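Input: a single structure, listed below in structure tokens.
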Amino acid sequence: MSQKVLLNAKEVNIILHRLACQLIEKHTDFSNTVLIGLQPRGIFLADRLAKILEEDYKVKDIQLGHLDITFYRDDFRRGDKTLEANTTKINFLVEGKDIVFIDDVLYTGRSIRAALTAIQSFGRPNEIELLTLIDRRFSRHLPIQPDYRGRQVDVINNERVKVNWKEYDNEDSVYLIEK
Amino acid sequence: MSELSVNHLLGIKYLKEKDIQLIFETADHFKEVINRPIKKVPSLRDITIANLFFENSTRTKLSFELAEKRLSADVINFSSGQSSVKKGETLIDTVNNILSMKVDMVVMRHPNPGAGVFLSKHINASIINAGDGAHEHPTQALLDSYSIREKLGDVAGKKVVIVGDILHSRVALSNIFALQLQGAQVMVCGPKTLLPKFINELGVKVETNLLKALNWCDVANMLRVQNERMDISYFPSTREYTQQFGVNKELLDSLDKEITIMHPGPINRGVEITSDVADSKQSIILDQVQNGVAIRMAAIYLLASKIKQ
Numbered sequence: 169m170s171q172k173v174l175l176n177a178k179e180v181n182i183i184l185h186r187l188a189c190q191l192i193e194k195h196t197d198f199s200n201t202v203l204i205g206l207q208p209r210g211i212f213l214a215d216r217l218a219k220i221l222e223e224d225y226k227v228k229d230i231q232l233g234h235l236d237i238t239f240y241r242d243d244f245r246r247g248d249k250t251l252e253a254n255t256t257k258i259n260f261l262v263e264g265k266d267i268v269f270i271d272d273v274l275y276t277g278r279s280i281r282a283a284l285t286a287i288q289s290f291g292r293p294n295e296i297e298l299l300t301l302i303d304r305r306f307s308r309h310l311p312i313q314p315d316y317r318g319r320q321v322d323v324i325n326n327e328r329v330k331v332n333w334k335e336y337d338n339e340d341s342v343y344l345i346e347k
Numbered sequence: 498m499s500e501l502s503v504n505h506l507l508g509i510k511y512l513k514e515k516d517i518q519l520i521f522e523t524a525d526h527f528k529e530v531i532n533r534p535i536k537k538v539p540s541l542r543d544i545t546i547a548n549l550f551f552e553n554s555t556r557t558k559l560s561f562e563l564a565e566k567r568l569s570a571d572v573i574n575f576s577s578g579q580s581s582v583k584k585g586e587t588l589i590d591t592v593n594n595i596l597s598m599k600v601d602m603v604v605m606r607h608p609n610p611g612a613g614v615f616l617s618k619h620i621n622a623s624i625i626n627a628g629d630g631a632h633e634h635p636t637q638a639l640l641d642s643y644s645i646r647e648k649l650g651d652v653a654g655k656k657v658v659i660v661g662d663i664l665h666s667r668v669a670l671s672n673i674f675a676l677q678l679q680g681a682q683v684m685v686c687g688p689k690t691l692l693p694k695f696i697n698e699l700g701v702k703v704e705t706n707l708l709k710a711l712n713w714c715d716v717a718n719m720l721r722v723q724n725e726r727m728d729i730s731y732f733p734s735t736r737e738y739t740q741q742f743g744v745n746k747e748l749l750d751s752l753d754k755e756i757t758i759m760h761p762g763p764i765n766r767g768v769e770i771t772s773d774v775a776d777s778k779q780s781i782i783l784d785q786v787q788n789g790v791a792i793r794m795a796a797i798y799l800l801a802s803k804i805k806q
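Just so you know, the protein sequences line up as chains U and Y, in that order. Per our numbering: the first sequence = residues 169 to 347. Per our numbering: the second sequence = residues 498 to 806.
So this is what it looks like as structure tokens:
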């Protein structure tokens, strides 16, 4: 197994600030916007973006949630192992809100499809956008594209993109791992 | 992710401690789901479940059906009262006929102990025992332990007394297994005539004085007097049973600590417990009912994940 650095900590930091600025351009004061990180690893990106928006760009009262999509996936019983659920934490109404789904890697699009179904259990949003740090283009199974992307990468099928976060993996980095 | 060590939920006796923890952790997620505005997830949309009730049930049947529907499973219901069982059809024939309609999972209540185990040896579908005679009622025991865990933080180390008709109770047996597996101390308390002869062999304390039992415990699980299972008179009168083994507010207030009161239902109000106890803040009876749906969703979800396409 070999691995190659796609993004180092400095590059990740620059991209996070750029994504934060793009969100501000569209959503301005975030009064009707909620950020929702998708479990399991989109939550680190969502938490980080919320922190940058609040601390560096002085956006107040960011509404941030975590959404688990385990029970909405279409591959239940297809894998070898039971799908493990994670915590959903949405302590606000999504009815009429502009939602930004946040995930670390966009691959087949099936997780986002599941998230679109899952969020309906919390109400009917006004609009849903997708922000992703890594967009693995040419890998999509469904017609789903990000509205905000950090980096677009071309990856062949036996390669995997691994995003590391300082809070959880001790470093900010993105690796391309050959299986 | 670990998975259940069993393909059927026939009794607590067949489970490991880690199975119980896995069911509890999964139930935590489903509790969150059933508190959402839309309480349904699509996980089991390709699964068909047959609820086979060869014995009367209200809350267990409703709870299972709700759990199945909230997981988006297709559900068919069968009650022996209106079925060909009355014409002499055997259990295997009845079930095989239902299974030939492409059913994936069977939830069965049956008056005979071991009916689920017997069936599991003859059919391919996954089976959940919803009560077999006086043998086991695993999902009830799981929801009871889950409710204790929710109220007191943990089951391990807690002292639980099961009060009443131990002899005829599948809830008592499953509860004893489940509580012991999780490290709780268990006592049974009731009239001598309603305590099984070899109950000591299960490693439980035995008490016939309710006051002593209540002073010992953290939790009292009050069982229903099952008049329908009593072919002879096990105690002189209901009035005397209530005097000796019924819990009222006065008795609870006389204890020097606050204990948690449970009851699997249906309650004979004024017999096992008085209304002021059933409706008091010490009672977690309605929590048990709510937790029942989450626990059954978890059990069904985890078993269904082992049915491969």
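No residue lacks a Cβ here, since even glycine has one placed at the ideal position from N, Cα and C. As the structure is a computational prediction, the values presented were derived from the model and not from experiment.
Exercise for the section: Indicate whether residue 664 of chain Y and residue 635 of chain Y have their beta-carbon atoms separated by less than 9 Å. Expected result: As a first step, residue 664 of chain Y is located in the second sequence; it is residue number 167 there, counting from the start. As a first step, residue 635 of chain Y is located in the second sequence; it is residue number 138 there, counting from the start. No.
Problem - Rounded C-alpha distance that separates residue 662 of chain Y from residue 714 of chain Y - result: The sequence position of residue 662 of chain Y within the second sequence is 165, counting from 1. The sequence position of residue 714 of chain Y within the second sequence is 217, counting from 1. Using only the alpha carbons, I get a separation of about 18 Å.
Problem - Near-chain U residues of the segment 646 to 661 of chain Y (beta-carbon distance less than 8 Å), N- to C-terminal order - result: Those residues of the segment 646 to 661 of chain Y placed with their C-beta closer than 8 Å to a C-beta in chain U do not exist.
Exercise for the section: Identify every residue that forms a DSSP beta bridge with residue 757 of chain Y. Expected result: Sequence index remark: in the second sequence, residue 757 of chain Y carries index 260 (1-based). DSSP, once it has assigned bridges, lists Y:716 as partnering residue 757 of chain Y.
Practice task
Kindly indicate if chain U contains any beta-carbon less than 9 Å away from that of residue 801 of chain Y.
Solution key: By 1-based counting over the second sequence, the position of residue 801 of chain Y is 304. Put simply, the CB of residue 801 of chain Y is near chain U, with a gap under 9 Å to one of its CB atoms.
Exercise for the section: For residue 190 of chain U, return the contacting residues in chain Y, with the cut-off set at a CB-CB distance below 7 Å. Expected result: Working through the first sequence from its first residue, we reach residue 190 of chain U at position 22. What residue 190 of chain U touches in chain Y: nothing, since even the nearest Cβ is about 31 Å away.
Handout entry: Burial state of residue 194 of chain U (16 or more Cβ within 10 Å)
Key = In the first sequence, the residue the question calls residue 194 of chain U occupies position 26. Looking at its Cβ environment, which holds fewer than 16 other Cβ atoms inside 10 Å, residue 194 of chain U is exposed.
Handout entry: Inter-residue spacing [alpha-carbon to alpha-carbon] between residue 249 of chain U and residue 717 of chain Y
Key = In the first sequence, counting from the first residue as 1, residue 249 of chain U sits at position 81. In the second sequence, counting from the first residue as 1, residue 717 of chain Y sits at position 220. One C-alpha to the other measures close to 38 Å.
Problem - Residue range of the beta strand (DSSP E) that includes residue 742 of chain Y - result: Taking the first residue of the second sequence as 1, we reach residue 742 of chain Y at position 245. From DSSP, residue 742 of chain Y is part of no beta strand (DSSP E) but of the alpha helix (DSSP H) over 735 to 742.
Problem - Contacts that residue 291 of chain U makes with chain Y (C-beta to C-beta distance below 7 Å) - result: Taking the first sequence and counting its residues from 1, one reaches residue 291 of chain U at position 123. Per Cβ cutoff of 7 Å: 534.
Handout entry: Beta-carbon neighbours of residue 540 of chain Y, restricted to chain U and to distances below 7 Å
Key = Here residue 540 of chain Y is taken as the residue at index 43 of the second sequence, counted from 1. Under the 7 Å cutoff, chain U gives 239 and 244.
Exercise for the section: List the endpoints of the continuous alpha helix (DSSP H) containing residue 458 of chain Y. Expected result: The question about residue 458 of chain Y has no answer, for chain Y in this structure spans 498 to 806.
Practice task
Please name the residue or residues paired with residue 267 of chain U in a DSSP beta bridge.
Solution key: Translated into positions along the first sequence, residue 267 of chain U becomes position 99. Looking at the DSSP output, residue 267 of chain U bridges to U:202 and U:296.
Exercise for the section: Determine the direct distance from the alpha carbon of residue 306 of chain U to that of residue 184 of chain U, and round the result to whole angstroms. Expected result: By 1-based counting over the first sequence, the position of residue 184 of chain U is 16. By 1-based counting over the first sequence, the position of residue 306 of chain U is 138. Just so you know, the alpha carbons of residue 184 of chain U and residue 306 of chain U end up roughly 23 Å apart.
Problem - Straight-line gap, residue 498 of chain Y to residue 588 of chain Y (C-alpha atoms, nearest Å) - result: Your numbering for residue 498 of chain Y matches position 1 in the second sequence. Your numbering for residue 588 of chain Y matches position 91 in the second sequence. In this prediction, residue 498 of chain Y scores a pLDDT of 48, lower than 50, which makes its location untrustworthy; the coordinate-derived value is nonetheless stated afterwards. In a straight line, the C-alpha of residue 498 of chain Y is about 36 Å away from that of residue 588 of chain Y.
Practice task
Keeping to the same chain, check which residues put their C-beta closer than 6 Å to that of residue 231 of chain U; ignore five residues upstream and five downstream.
Solution key: On the first sequence, position 63 is the one that residue 231 of chain U refers to. Spatial neighbours of residue 231 of chain U in its own chain (CB-CB distance under 6 Å, excluding positions within 5 residues in sequence) are listed in chain order as 202 and 260.
Handout entry: Euclidean distance between Cα positions of residue 337 of chain U and residue 695 of chain Y
Key = In the first sequence, the residue the question calls residue 337 of chain U occupies position 169. In the second sequence, the residue the question calls residue 695 of chain Y occupies position 198. Between residue 337 of chain U and residue 695 of chain Y, the C-alpha separation is close to 55 Å.
Exercise for the section: Could you tell me whether the segment 617 to 630 of chain Y touches the segment 592 to 607 of chain Y, where touching means 3 or more Cβ pairs closer than 8 Å? Expected result: Yes, the segment 617 to 630 of chain Y is in contact with the segment 592 to 607 of chain Y.
Practice task
May I have the straight-line CA-CA distance separating residue 641 of chain Y from residue 312 of chain U, to the nearest angstrom?
Solution key: Here residue 641 of chain Y refers to the residue found at position 144 when the second sequence is read from its first residue. Here residue 312 of chain U refers to the residue found at position 144 when the first sequence is read from its first residue. If you take the alpha carbons of residue 641 of chain Y and residue 312 of chain U, they lie about 44 Å apart.
Exercise for the section: Report yes if the CB atom of residue 676 of chain Y is closer than 9 Å to the CB atom of residue 655 of chain Y, and no otherwise. Expected result: Start at 1 with the first residue of the second sequence, and residue 676 of chain Y comes out as number 179. Start at 1 with the first residue of the second sequence, and residue 655 of chain Y comes out as number 158. Closer than 9 Å, so yes.
Exercise for the section: Say whether chain U places a C-beta atom closer than 9 Å to the C-beta of residue 505 of chain Y. Expected result: Taking the first residue of the second sequence as 1, we reach residue 505 of chain Y at position 8. No, residue 505 of chain Y does not count as interfacial toward chain U.
Exercise for the section: Would you mind stating whether residue 521 of chain Y and residue 795 of chain Y have Cβ atoms separated by less than 9 Å? Expected result: As a first step, residue 521 of chain Y is located in the second sequence; it is residue number 24 there, counting from the start. As a first step, residue 795 of chain Y is located in the second sequence; it is residue number 298 there, counting from the start. Yes; because the gap between Cβ atoms is below 9 Å, this pair is in contact.
Problem - Sequence-distant residues of its chain with Cβ nearer than 8 Å to residue 177 of chain U (five each side left out) - result: The count along the first sequence starts at 1 and reaches residue 177 of chain U at position 9. If we look at residue 177 of chain U and ignore the five residues flanking it on each side, its Cβ neighbours are 334, 339, 340 and 341.
Practice task
Pull up the distance between the alpha-carbon of residue 549 of chain Y and that of residue 723 of chain Y, whole angstroms please.
Solution key: One-based indexing of the second sequence puts residue 549 of chain Y at position 52. One-based indexing of the second sequence puts residue 723 of chain Y at position 226. Spanning the alpha carbons of residue 549 of chain Y and residue 723 of chain Y requires a straight line of approximately 22 Å.
Problem - Pair within 9 Å by beta-carbon distance, residue 225 of chain U and residue 270 of chain U - result: In the first sequence, the residue the question calls residue 225 of chain U occupies position 57. In the first sequence, the residue the question calls residue 270 of chain U occupies position 102. Not closer than 9 Å, so no.
Exercise for the section: Tell me residue 704 of chain Y's beta-bridge partners as DSSP assigns them. Expected result: Indexing the second sequence from 1 puts residue 704 of chain Y at position 207. Answer by DSSP bridge pairing, in chain order: Y:686.
Exercise for the section: Answer with yes or no whether the minimum CB distance from residue 529 of chain Y to chain U is below 9 Å. Expected result: Here residue 529 of chain Y refers to the residue found at position 32 of the second sequence. For residue 529 of chain Y, the nearest CB of chain U lies under 9 Å from its own CB, placing it at the interface with that chain.
Handout entry: Extent of the continuous alpha helix (DSSP H) to which residue 672 of chain Y belongs
Key = Position 175 of the second sequence, counted from the start, is the residue given in the question as residue 672 of chain Y. For residue 672 of chain Y, the enclosing alpha helix (DSSP H) covers residues 667 to 678.
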